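Numbering (my numbering), first residue to last: 310 to 976.
The beta-carbon is built from N, C-alpha and C at its ideal position, and this holds for glycine as well.
Remember, it's a predicted structure, so these values are computed and weren't measured experimentally.
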Amino acid sequence: MKLDELKDLNPQQLKAVKTINGPLLIIAGAGSGKTRTLVYRLAWMIEKGIPQKSILALTFTNKAAREMWLRICKLTGKKLKGLTVSTFHSFGSKILKNCIHHLGYKNNFSIYDQVDKTALIKEVAGEMSFSPDSIDAYKVSSLFSKIKTGLIEWDHSNDQYRSLYREYQAHLKVYNAVDFDDLIILPIEIFGKYTDVLETYRNKYSYIMVDEFQDTSNCQYELIKLIAKGNNNICVVGDDDQSIYSWRGANYQNIMQFERDFPDVREIKLEQNYRSTKNILSVANRVIMHNRNRKEKSLWSGLDRGSLVEGHYPKNESDEGSFIARTIKSLHAREDIPFHEIGVLVRTNSLTRYIEEAFLEENIPYRISGGTSFFQRKEIKDIISYMRVMANPDDDINFLRIINRPRRGLGKKALETIRTIADSKGMSLYSAMSAIRYAYGSPLPEKIKHSLNEFLTLIEYYREKLLSNRNMADTLSSFIDSIDYQEYISLEHRSKPKLARYKIDNIKNFLRMLEDWEKDPDNMDPSLYNYLNRITLITRDDIDDNDETGKVNLMTIHSAKGLEFEVVFLAGAEDGIIPHARSLGDGEDNIEEERRLFYVAITRARKKLFISSCLKRRYMKGLMECSPSPFLSDIPDELISFFKGEEPVDSSEANDYFAALKEQFKR
DNA sequence: GCATTCTGTATTTTT
DNA sequence: TACAGAATGC
310 MKLDELKDLN PQQLKAVKTI NGPLLIIAGA GSGKTRTLVY RLAWMIEKGI
360 PQKSILALTF TNKAAREMWL RICKLTGKKL KGLTVSTFHS FGSKILKNCI
410 HHLGYKNNFS IYDQVDKTAL IKEVAGEMSF SPDSIDAYKV SSLFSKIKTG
460 LIEWDHSNDQ YRSLYREYQA HLKVYNAVDF DDLIILPIEI FGKYTDVLET
510 YRNKYSYIMV DEFQDTSNCQ YELIKLIAKG NNNICVVGDD DQSIYSWRGA
560 NYQNIMQFER DFPDVREIKL EQNYRSTKNI LSVANRVIMH NRNRKEKSLW
610 SGLDRGSLVE GHYPKNESDE GSFIARTIKS LHAREDIPFH EIGVLVRTNS
660 LTRYIEEAFL EENIPYRISG GTSFFQRKEI KDIISYMRVM ANPDDDINFL
710 RIINRPRRGL GKKALETIRT IADSKGMSLY SAMSAIRYAY GSPLPEKIKH
760 SLNEFLTLIE YYREKLLSNR NMADTLSSFI DSIDYQEYIS LEHRSKPKLA
810 RYKIDNIKNF LRMLEDWEKD PDNMDPSLYN YLNRITLITR DDIDDNDETG
860 KVNLMTIHSA KGLEFEVVFL AGAEDGIIPH ARSLGDGEDN IEEERRLFYV
910 AITRARKKLF ISSCLKRRYM KGLMECSPSP FLSDIPDELI SFFKGEEPVD
960 SSEANDYFAA LKEQFKR
């Protein structure tokens, strides 16, 4: 790295880059060039001769990890070798791959995502004859998360699920499976029990860097602290104002805790915002000001005042959609703003639908990040389930998913019989089936036994091939043909041939992606296990989009974190949506988090910000009266102009105008 | 025993 | 609206 490149940095950033040894806390406000600083810092370290393999950089998403990797490559002009840039979860899975045997699992373990986890809870609850309506699998699942990560303890309010939890854990073990929480918790457990293992990791990673520190959970912090305590070279970067993942266990107070855990910490604040105009930044500051639990900071912008933030009140969600679509069209045509420099942000995934409709209507190219991920689609999950079972036959959850898909005449009754046998021996379904496969006096009818046998033979045949073969995509493709999967899809959706076609295309795409991954020369370990672990941890945003340019970005505020756009539309800024009604239940902390969410949305914008709040909105079946988000009234009049259709409204009239509008549409 | 159709219900954010 | 579970039909 040439020294003059460091001239691009301001004094605080420069100091952050050059402070390599000892604990370092960087408080980086929105748009303060955080990623840039981190990338320079890593490049600087490499330049200073620190071996790449001793550096561990942890990010929040795979996308961020990939971007950081690319930017370091570009900056250093070197091929990176041995540097670890990964997410907490994939880092955890790598540790487990190496040492999970200490805990009695095999290293071909499956990773259960939310869907699998829920399925397992239902399965176990069924076996234990919990009444079906006493189980809200989603709620129970988040309870289990909190218990497992030590966020809450068993008490009288949740004691009824204690036995269920025990069984849940026992089943995971039998299935040789771990859930997302285990990816962090089990490494901690191993480190606690086997200090020599911990020592290895401490020696290996003498320099640690954590991005988005405000979004780390207690146990993620615990894990990283364990490793960092060896050398004390740990740098964490975060902004408590942008902590928006507390519902997933994130604890922004880790920032304060960090100061206590590492008393000799050096602290650097990045407060100059390079992204937004003065106006937009003031709006953001005025909003976040109302939060009580935050570290004091004063973000400032050296850029122009810029135009005022615009507030719009469309009469319903389809009006809002077409307002956004029309405005985008004119911005594109008159001001030459490229589509990909425009972001449309919403609080919930479901809100994207209306906007999508408007985009389709007006022929605006867009891309959505959010909704169901590619890998969550039914047809793809089926194929992946087959792969999972081949990788880890004890994985009952995935086994159950595929055993009768396509139909093999193995229904409820047959499975119940096998389940009973499996449970009596404490085995997985697959092991139980293998055991009774050739046994005399089997409890199963001949016909069932026959198709079971056929099924097992098929799985074993391809398991062998997939594990030894270098060409998984081809093998898988012939496997899919051999079970007539396409036929099955067409038959399932015979009334909607278009849908069937689409699903089949998805599978082809999946195979193509697998092939690309396998043939990538940079891929060190193109094995089945590696692939499966990887795609389980991949999220919706991580899929390579072959052409990201020329498309408007439509996404939730959560997935917009870390991004920026020339123009931002914040749609659905209504009370009940942001702050979301469901988030407000208990505690004042929740409203603060919603406010941070609003803050994150605002600070994505560089030059223009539009906020719209519908007067009425279709909700479930009916039409709902809406009020503007209370956060809107935190914005002082001189920073925002409200619009009536295309005409600006005097700010003093804005409130009256709103009331009048409401009256008008009441009928 | 299995498949299809129907009904009803629940919709926050995601590694 | 979209999906899961129940009821009904084959």
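> Between Lys383, Asp491 and Gln322, which lies nearest to Gly342 when the distance is taken from Cα to Cα?
Replying inline: The residue given as residue 342 occupies position 33 in the first sequence. Checked all of Lys383, Asp491 and Gln322; the closest Cα to Gly342 is Gln322.
>> Is it the case that the region 550-561 contacts the region 390-402, given that we only count it when at least three CB pairs across the two stretches are under 8 Å?
In response: no
>> Would the region 566-585 count as touching the region 601-619 if we require 3 or more Cβ pairs under 8 Å?
In response: When Cβ pairs closer than 8 Å are counted between the two stretches, the region 566-585 is seen to touch the region 601-619, the count reaching three or more.
> If you follow the beta strand (DSSP E) that Glu521 is part of, which residue opens it and which one closes it?
Replying inline: As a working note, residue 521 is residue 212 in the first sequence. It is not in any beta strand (DSSP E) - Glu521 carries neither H nor E in the DSSP assignment.
>> Given this structure, state the Cα-to-Cα distance separating Arg976 from Leu893, to the nearest angstrom.
In response: The sequence position of residue 976 within the first sequence is 667, counting from 1. The sequence position of residue 893 within the first sequence is 584, counting from 1. Low per-residue confidence applies at Arg976: pLDDT is 30, beneath 50, and the placement is therefore not dependable enough to give any value.
>> Along the chain, where does the alpha helix (DSSP H) containing Met696 start, and where does it finish?
In response: Position 387 of the first sequence, counting from 1, holds the residue named residue 696. First-last of the alpha helix (DSSP H) with Met696: Lys687 to Ala700.
> Around the C-beta of Gly386, are 16 or more other C-beta atoms found within 10 angstroms, so that it is buried, or is it exposed?
Replying inline: Taking the first residue of the first sequence as position 1, residue 386 is located at position 77. Burial call: exposed.
> When DSSP builds the beta bridges, which residues end up paired with Tyr516?
Replying inline: Here residue 516 is taken as the residue at index 207 of the first sequence, counted from 1. DSSP lists Ile364 as partners of Tyr516.
> What's the gap between the Cα of Val861 and the Cα of Tyr622?
Replying inline: Translated into positions along the first sequence, residue 861 becomes position 552. Translated into positions along the first sequence, residue 622 becomes position 313. Approximately 22 Å, taken between the alpha carbons.
> Can you give the beta carbon distance from Asn815 to Ile689, rounded, assuming they're within the 8 Å contact cut?
Replying inline: Position 506 of the first sequence, counted from the start, is the residue given in the question as residue 815. Position 380 of the first sequence, counted from the start, is the residue given in the question as residue 689. Right, the Cβ-Cβ distance comes to about 6 Å (below 8 Å), so this counts as a contact.
> In terms of residue numbering, what span does the alpha helix (DSSP H) encompassing Phe940 cover?
Replying inline: Translated into positions along the first sequence, residue 940 becomes position 631. Phe940 -> no alpha helix (DSSP H), and no H or E assigned at all.
>> What does the alpha-carbon distance come out to for the pair Asn713 and Ser950?
In response: Along the first sequence, one-based indexing puts residue 713 at 404. Along the first sequence, one-based indexing puts residue 950 at 641. Computed Cα separation, rounded: 59 Å.
> Are the Cβ atoms of Val596 and Leu948 separated by less than 8 Å?
Replying inline: One-based indexing of the first sequence puts residue 596 at position 287. One-based indexing of the first sequence puts residue 948 at position 639. In this structure, Leu948 does not lie closer than 8 Å to Val596 by Cβ.
>> Please return the same chain residues whose Cβ sits closer than 6 Å to the Cβ of Gln973, not counting the five positions on each side in sequence.
In response: On the first sequence, residue 973 is found 664 positions in, with the first residue counted as 1. With a pLDDT of only 41 at Gln973, under 50, the local geometry of the prediction cannot be trusted, and the value read off the model is given with reservation. Here the set comprises nothing.
>> Please state the DSSP three-state secondary structure of Trp463.
In response: Reading the first sequence from its first residue, position 154 is the one you call residue 463. In the structure shown, Trp463 falls within a coil segment according to DSSP collapsed to helix, strand and coil.
>> With the cut-off set at 8 Å, would you say Ala910 and Phe874 are in Cβ contact?
In response: By one-based count along the first sequence, residue 910 stands at place 601. By one-based count along the first sequence, residue 874 stands at place 565. No. Outside cutoff.
>> Measuring only the C-alpha atoms, how far is Thr525 from Leu318?
In response: As a position in the first sequence, residue 525 is number 216, starting the count at 1. As a position in the first sequence, residue 318 is number 9, starting the count at 1. The alpha-carbon atoms of Thr525 and Leu318 are separated by roughly 27 Å.
> Taking all protein chains shown into account, do 16 or more other C-beta atoms lie within 10 angstroms of the C-beta of Asp732, making it buried, or fewer, making it exposed?
Replying inline: In the first sequence, residue 732 corresponds to position 423, counting from 1. Its Cβ having fewer than 16 others within 10 Å, Asp732 is exposed.
> Three-state secondary structure (DSSP) at Gly630?
Replying inline: As a first step, residue 630 must be located in the first sequence, where it is residue number 321. Gly630 falls in the helix class under three-state DSSP.
> What does a CB cutoff of less than 7 Å around Leu970 pick up in its chain, not counting 5 residues either side in sequence?
Replying inline: Within the first sequence, the letter at position 661 stands for residue 970. Caution is warranted here: a pLDDT of 46 is assigned to Leu970, below 50, making its placement in the model unreliable, and the coordinate value is therefore given only provisionally. Only Tyr622 and Leu924 meet the Cβ criterion.
>> Mapping the DSSP letters down to three states, classify Lys388 as helix, strand or coil.
In response: Along the first sequence, one-based indexing puts residue 388 at 79. Look at Lys388 here: in three-state DSSP terms it is coil, with no helix or strand label.
> Among Asn560, Phe683 and Thr346, which has the Cα closest to the Cα of Phe819?
Replying inline: Residue numbering aside, residue 819 sits at position 510 when the first sequence is read from its first letter. Among Asn560, Phe683 and Thr346, the Cα nearest to that of Phe819 is on Phe683.
> Does the beta-carbon distance from Ser921 to Glu644 come in below 8 Å?
Replying inline: In the first sequence, residue 921 corresponds to position 612, counting from 1. In the first sequence, residue 644 corresponds to position 335, counting from 1. No; because the gap between Cβ atoms is not below 8 Å, this pair is not in contact.
>> Measuring only the C-alpha atoms, how far is Ile633 from Met833?
In response: Within the first sequence, the letter at position 324 stands for residue 633. Within the first sequence, the letter at position 524 stands for residue 833. Cα-Cα distance, rounded: 45 Å.
> Which ranges does the beta strand (DSSP E) cover as unbroken runs of at least 3 residues, wholly within the region 560-612, from first to last along the chain?
Replying inline: 575-579
>> With the cut-off set at 8 Å, would you say Leu347 and Val546 are in Cβ contact?
In response: Residue 347 sits at position 38 when you count from the first residue of the first sequence. Residue 546 sits at position 237 when you count from the first residue of the first sequence. Cβ atoms of Leu347 and Val546: closer than 8 Å.
> Is Leu863 near Glu665, with beta carbons less than 8 Å apart?
Replying inline: The residue given as residue 863 occupies position 554 in the first sequence. The residue given as residue 665 occupies position 356 in the first sequence. Yes. Within cutoff.
> Thinking C-alpha only, which one of Asp946, Gly881 and Ile944 is nearest Cys935?
Replying inline: Along the first sequence, one-based indexing puts residue 935 at 626. Comparing alpha-carbon positions, the option among Asp946, Gly881 and Ile944 lying closest to Cys935 turns out to be Gly881.
> Just how far apart, CA to CA, sit Asn672 and Leu879?
Replying inline: By 1-based counting over the first sequence, the position of residue 672 is 363. By 1-based counting over the first sequence, the position of residue 879 is 570. Taking the straight line from one Cα to the other gives about 20 Å.
> Can you list, in chain order, the residues of its chain whose CB lies under 6 Å from that of Phe987, leaving out five sequence neighbours each side?
Replying inline: For residue 987 there is no data in the structure shown, the boundaries of the chain being 310 and 976.
> From what residue to what residue does the alpha helix (DSSP H) around Asp425 run?
Replying inline: Position 116 of the first sequence, counted from the first residue, corresponds to residue 425. For Asp425, the uninterrupted alpha helix (DSSP H) run begins and ends at Gln423 to Glu436, by DSSP.
> By Cβ distance, which residues of its chain are closer than 8 Å to Glu432, with the 5 residues on each side in sequence left out?
Replying inline: Counted from its first residue, the first sequence places residue 432 at position 123. Taken in chain order, the residues that qualify are His480, Asp705, Ile706 and Leu709.
>> Let's test the definition: count the other Cβ atoms within 10 Å of the Cβ of Glu725 and tell me whether it reaches 16, buried, or not, exposed.
In response: Here residue 725 refers to the residue found at position 416 when the first sequence is read from its first residue. Glu725 is exposed by the Cβ-count criterion.
> What number of angstroms, rounded off, separates the C-alpha of Ser740 from the C-alpha of Lys774?
Replying inline: Within the first sequence, the letter at position 431 stands for residue 740. Within the first sequence, the letter at position 465 stands for residue 774. About 20 Å.
> What number of angstroms, rounded off, separates the C-alpha of Lys513 from the C-alpha of Val574?
Replying inline: Counting from 1 along the first sequence, the entry for residue 513 is found at position 204. Counting from 1 along the first sequence, the entry for residue 574 is found at position 265. Cα to Cα, the separation comes out at about 22 Å.
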